[in-house]
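In my numbering, the protein residues as written are 558 to 829.
Where is the CB? At the ideal position from N, CA and C, for every residue including glycine.
Only a predicted model underlies this, so the values are computations on that prediction, with no experimental measurement involved.
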């Protein structure tokens with residue numbers, strides 16, 4: 558982010574913070590999120606639960622992954638919901654922000670789709686496989702390819718930082734096509750198979766349940782609610798965490814968010 562853009566954003570958030578300090582109801586919770594499934598989780602599940610407890614919940618949707626953390630750190634938000642712990646920790650460290658994760662949430666996995674093949678067994682030498690070109694999501698795709706037996710990653714590879722350089726053997730002789738994550742749904746028209754992040758899959762009309770295989774999301778990539786570190790033990794933060802951990806929200810997850818990777822607390826509540 559440029560210094561000028563950062564300054565403008567800081568001024569805007571500073572004005573919002575000043576206004577909130579004067580006008581905000583102490584029982585109001587302002588939550589920032591990205592448009593799409595995580596906003597829907599709040600609207601359908603979390604907001605109604607908190608409103609039953611007397612809170613007023615205001616949702617602000619962002620179209621990038623930069624502003625929500627600055628807005629949270631500067632007080633324009635009370636919490637945000639859009640990121641995993643790897644991104645949160647890296648962003649907070651780089652920008653010297655006192656932010657902390659509060660609770661994990663149901664998360665759409667990265668998964669492999671195809672419009673040309675009905676099953677993974679149809680892979681053959683020369684099959685094209687589109688995958689994300691950004692380091693974090695490419696590592697997730699490569700780990701799944703290793704689990705499928707299409708490639709073999711070198712011994713002692715780092716699953717968080719795996720790259721094409723870590724491929725020891727291309728067992729199926731597939732051709733990898735790295736692309737920007739947002740382009741991957743369109744790549745299904747040309748590639749044999751494509752990895753698509755959950756949010757982009759849903760935005761393009763794909764169903765998570767249509768995937769030929771999906772990752773088992775590691776704790777590193779489960780999305781989380783974030784709050785200011787100083788607020789983690791405040792009542793509103795405990796109430797947000799409790800709302801996500803509730804059986805009521807599990808019912809919402811089962812009804813509207815099929816195919817999402819559930820956090821441990823939801824798995825513990827689910828029938829065996």
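Check whether the region 650 to 667 and the region 791 to 807 touch, using three or more Cβ-Cβ pairs below 8 Å as the test.
yes
Taking the straight line between their C-alpha atoms, what separation do you get for residue 814 and residue 593?
Rounded to whole angstroms, the separation of the alpha carbons of residue 593 and residue 814 is 12 Å.
Nearest CA to the CA of residue 616: which residue from 679, 689, 636 and 647?
636
Around the C-beta of residue 610, are 16 or more other C-beta atoms found within 10 angstroms, so that it is buried, or is it exposed?
With fewer than 16 other Cβ atoms within 10 Å, it is exposed.
What would DSSP say about residue 637, mapped onto helix, strand or coil?
strand
Taking buried to mean at least 16 other C-beta atoms within 10 Å of its own C-beta, is residue 766 buried or exposed?
exposed
For residue 806, the residue or residues it bridges with in DSSP
Note: residue 806 sits in no beta bridge, so no partner.
Of the listed residues 625, 757 and 752, nearest to residue 700 (C-alpha basis):
752
Distance, residue 748 Cα to residue 822 Cα:
Taking the CA atoms as reference points, residue 822 sits about 37 Å from residue 748.
Assigned secondary structure, residue 820 (DSSP; H/G/I helix, E/B strand, else coil)
If DSSP states are grouped into helix, strand and coil, residue 820 belongs with coil.
Same chain, Cβ closer than 7 Å to residue 730, five either side skipped, listed in chain order
682 and 683
Under the rule that 16 or more other beta-carbon atoms within 10 Å means buried, what is residue 737, buried or exposed?
exposed
Go ahead and pull the three-state DSSP assignment for residue 780.
Residue 780: strand per DSSP, three-state reduction.
Could you compute how far the alpha carbon of residue 779 sits from the alpha carbon of residue 724?
25 Å
Strictly by DSSP, which residues pair up with residue 616?
588
Between residue 718 and residue 805, what straight-line distance do the alpha-carbon atoms span, to the nearest angstrom?
37 Å
Burial state of residue 676, where buried means 16 or more other Cβ atoms lie within 10 Å:
exposed
Let me know if residue 695 comes out buried or exposed under the rule of 16 or more other beta-carbons within 10 Å of its beta-carbon.
buried
Let's see if you can read the secondary structure: which residues bound the beta strand (DSSP E) around residue 750?
750 to 753
For residue 578, which residues of its own chain have a beta-carbon under 7 Å away from its beta-carbon, when the five flanking residues on both sides are left out?
In this prediction, residue 578 scores a pLDDT of 46, lower than 50, which makes its location untrustworthy; no coordinate-derived value is stated.
Could you give the residue range of the alpha helix (DSSP H) that holds residue 833?
Any answer about residue 833 is impossible in this case: the structure gives the chain only from 558 up to 829.
For residue 734 versus residue 669, is the C-beta spacing smaller than 8 Å?
no
Quick check on DSSP: helix, strand or coil for residue 728?
Look at residue 728 here: in three-state DSSP terms it is coil, with no helix or strand label.
Own chain, CB closer than 6 Å to residue 857, minus 5 neighbours either side, in chain order
No answer is possible for residue 857: the residues shown for the chain start at 558 and end at 829.
Which residue's Cα is closest to the Cα of residue 771: 816, 692, 628 and 630?
816
According to DSSP, which residues form a beta bridge with residue 735?
688
If the criterion is Cβ atoms closer than 8 Å, does the pair residue 728 and residue 706 meet it?
yes
Which residues mark the beginning and the end of the alpha helix (DSSP H) in which residue 597 is found?
Run containing residue 597: 594 to 598, per the alpha helix (DSSP H) assignment.
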